[in-house]
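Structure record follows, encoded as structure tokens.
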Amino acid sequence: MAILFSGIKQLLTFAGDNAPRAGAAMRETGLVDNAAVLVNGGVIEAAGPRAAVARHPLAKKARKVEVNGICLPGFVDSHTHAVFAEPRLKDFSMRTAGASYEEIRAAGGGIVSSVGAVRRQPQAEMAAQLAARAARFLECGTTTAEVKSGYGLSLESELKMLRAVREAAKRTPLEMIPTLLAAHGVPPEFNGDAQKYLDYATEEILPRAAKEKLAVFADIFCERGYFTPEQTVAYLKAARRLGLIPKVHSEQLSNYGGTRAGAAAGAISADHADHVFAEDIAAMREAGVIATLLPASNFYLGASKYPPAREIISEGVPVALATDFNPGTCPCWNMQFVLSAACTHCAMTPEEALCAATVNGAWALGIGDRAGAIVAGRQADLAFFEADDYRELCYYFGANQNLLTVKKGKIVYRAPGRIAGR
Ligand code: NIG
Ligand code: FE
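So the sequence shown is numbered by the numbering used here: it starts at 58 and just counts up by one.
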């Protein structure tokens with residue numbers, strides 16, 4: 058049944074080119090005041106000024122929802138590690154006592170400390186836990202999330218994580234796009250031999266994940282003490298030959314060359330970018346790589362350094378924003394907090410931040426032609442917030458301002474007691 062959403066004080070459509078937005082185009086929100094959106098059969102029928110949408114032939118018989126807030130495309134969170142068995146509270150205690158990410162790792166915490174519990178966890182339990190987490194994303198206005206493996210670090214456990222994503226996707230309206238992150242760290246049984254582990258991942262894990270269509274993307278953590286830029290290029294090229302689209306964790310803790318390695322291997326996005334230099338930014342622009350910034354992780358790590366968003370945007374590289382939700386560096390699933398961190402710590406404008414969290418996030422997942430914008434014919438993925446002005450979304454922080462989330466034309470979350478009607 059068609060639904061007509063009205064009472065929209067501001068609608069941000071992000072209508073524009075069918076491509077990732079760069080430079081000044083990141084500030085074009087497609088703002089419509091006093092708007093309405095009509096959805097039917099999972100897609101957007103019409104969106105624009107209220108009076109114009111009301112004249113659509115389907116509007117009369119449609120179910121009416123009066124929102125009294127603002128409307129955006131549902132957030133596309135293009136970088137998460139949402140499958141993990143346990144929070145890392147010991148790491149957190151060490152962090153509050155002043156330890157750095159590397160010191161925590163040296164003391165037995167960090168990525169590899171998540172592996173034991175993940176290997177022990179049955180797939181069904183993992184899927185149930187992920188489906189429960191998916192509900193938290195939906196209630197904050199996220200309608201699509203990328204989900205990485207990367208805490209199994211063996212053929213069996215990495216595939217189990219990806220199968221859990223597939224299983225959980227049947228139980229939640231949140232759209233989840235899987236990424237194989239077998240190259241997240243070196244598991245203990247390889248005794249620090251990164252190349253040997255990477256050979257195993259290349260020969261055993263990549264082909265199986267590709268063959269069983271368990272992942273869309275392949276990702277690698279390129280950082281000193283993890284995997285080198287040379288290893289990154291070789292691994293991502295092998296992934297690409299198998300039909301997996303490359304992504305890379307790069308320049309998170311130091312300037313190490315992962316961004317250029319990702320660009321050389323045809324990565325769709327290079328993620329983190331905290332320590333990028335001019336030559337890394339140029340390589341992204343030339344290779345058409347999206348820079349995915351994850352400032353909530355900088356916040357959680359207590360970093361004084363944030364990604365140089367202004368430089369990246371002024372050089373014409375499209376920027377996406379994502380949570381990086383994970384147990385070690387970002388226990389936060391709320392994209393509204395990411396907006397705040399991007400504006401207050403990366404000097405992004407609210408317009409750029411909202412573009413980065415919606416339409417550019419969709420392009421970072423290769424789904425920009427169907428999601429991320431409120432345009433007739435696109436998937437009806439919407440989020441409504443309690444505000445008069447869209448800038449309030451970036452201004453207030455630490456709260457959930459979401460009123461209503463719509464996925465493929467269905468209301469999948471409604472803030473209790475906020476909106477009249479069924
Ligand atoms: O994006 N940098 C590597 N991966 C994650 C951290 C994962 C963890 O610490 O468990 C990140 O920050
Ligand atoms: Fe990450």
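For every residue, glycine included, the Cβ atom is placed at its ideal position computed from N, Cα and C. Bear in mind that the values here come from a model prediction, so they are computed numbers and not experimental data.
What are the boundary residues of the beta strand (DSSP E) that residue i is part of?
i           : result
residue 483 : As shown, the chain starts at 58 and ends at 479. That puts residue 483 outside it, with no answer to give.
residue 140 : Here residue 140 belongs to no beta strand (DSSP E), and DSSP marks it neither H nor E.
residue 121 : 120-130
residue 67  : 60-69
residue 462 : 459-464
residue 168 : Neither: residue 168 is in no beta strand (DSSP E) and is coded neither H nor E.
residue 266 : Not the beta strand (DSSP E): residue 266 falls in the alpha helix (DSSP H), residues 263-268.
residue 438 : Looking at the DSSP string, residue 438 is not in any beta strand (DSSP E), and its letter there is neither H nor E.
residue 446 : Run containing residue 446: none; DSSP gives neither H nor E here.
residue 93  : 88-97
residue 256 : Premise fails: residue 256 lies in the alpha helix (DSSP H), 251-257, not in any beta strand (DSSP E).
residue 328 : 326-329
residue 377 : 376-378
List the endpoints of the continuous alpha helix (DSSP H) containing residue i.
i           : result
residue 103 : Taken as a continuous stretch (DSSP letters only), residue 103 belongs to no alpha helix (DSSP H), being part of the beta strand (DSSP E) at 100-106.
residue 371 : 366-371
residue 470 : Unbroken run through residue 470 is the beta strand (DSSP E), 467-471; no alpha helix (DSSP H).
residue 116 : Taken as a continuous stretch (DSSP letters only), residue 116 belongs to no alpha helix (DSSP H), as it is neither H nor E.
residue 354 : 352-357
Might you give, ordered along the chain, the residues of its own chain that have their beta carbon closer than 6 Å to the beta carbon of residue i, omitting 5 neighbours on each side?
i           : result
residue 321 : 290
residue 469 : 195, 230, 462
residue 421 : 135, 326, 347, 349, 377
residue 141 : 171, 208, 384
residue 79  : 373, 375
residue 234 : 203, 273, 422
residue 258 : 239, 240
residue 443 : 126, 458, 460
residue 288 : 255
residue 267 : 299, 300, 301
residue 218 : 140, 206, 209
residue 178 : 142
Between residue i and the rest of its own chain, which residues show a CB-CB distance below 7 Å, the 5 nearest in sequence each way excluded?
i           : result
residue 244 : 169, 172, 210, 211, 254
residue 370 : 80, 83, 376, 409
residue 220 : 180, 271
residue 471 : 461
residue 214 : 175, 176
residue 392 : 132, 134, 197, 198, 199, 380, 414
residue 247 : 253, 254
residue 184 : 221, 224, 225
residue 365 : 333
residue 297 : 303, 322, 323
residue 368 : 338
Got a sec? Which residues, its chain only, sit under 8 Å from residue i by beta carbon, not counting five neighbours each side?
i           : result
residue 124 : 62, 63, 64, 65, 441, 460, 461, 476
residue 311 : 280, 281, 332
residue 336 : 317
Quick one: does residue i have its CB under 8 Å from some CB of chain C?
i           : result
residue 197 : The question asks about chain C, but that chain is absent: this structure has only one protein chain.
inquiry  = Between the stretch 276-293 and the stretch 233-246, can you find at least three pairs of beta-carbon atoms closer than 8 Å?
reply    = yes
ask   = Do the stretch 453-465 and the stretch 143-154 make contact, defined as three or more Cβ pairs closer than 8 Å?
value = no
Length-filtered (4 minimum) alpha helix (DSSP H) runs lying within the stretch 177-241 = 180-196, 212-226
query = Does the pairing of the stretch 379-391 with the stretch 355-362 give three or more beta-carbon distances under 8 Å?
reply = yes
query = For the 8 Å Cβ check, are there 3 or more pairs between the stretch 171-190 and the stretch 202-209?
reply = yes
query = On the three-pair Cβ rule with 8 Å, is the stretch 186-194 touching the stretch 219-227?
reply = yes
query = Do the stretch 442-454 and the stretch 157-167 touch if we need at least three Cβ pairs shorter than 8 Å?
reply = no
inquiry  = Runs of 3 residues minimum, wholly inside the stretch 278-324: which ones carry the beta strand (DSSP E) assignment?
reply    = 302-307
query = So does the stretch 267-277 actually touch the stretch 89-106, counting three or more Cβ pairs closer than 8 Å?
reply = no
ask   = Which ranges does the alpha helix (DSSP H) cover as unbroken runs of at least 4 residues, wholly within the stretch 386-428, from first to last along the chain?
value = 392-403, 407-414, 416-421
key: Contact the stretch 399-408 vs the stretch 108-122: 3+ CB pairs below 8 Å   = no
request  = Flag this pair as touching only if the stretch 428-437 and the stretch 118-127 have three or more C-beta atom pairs under 8 Å; answer yes or no.
outcome  = no
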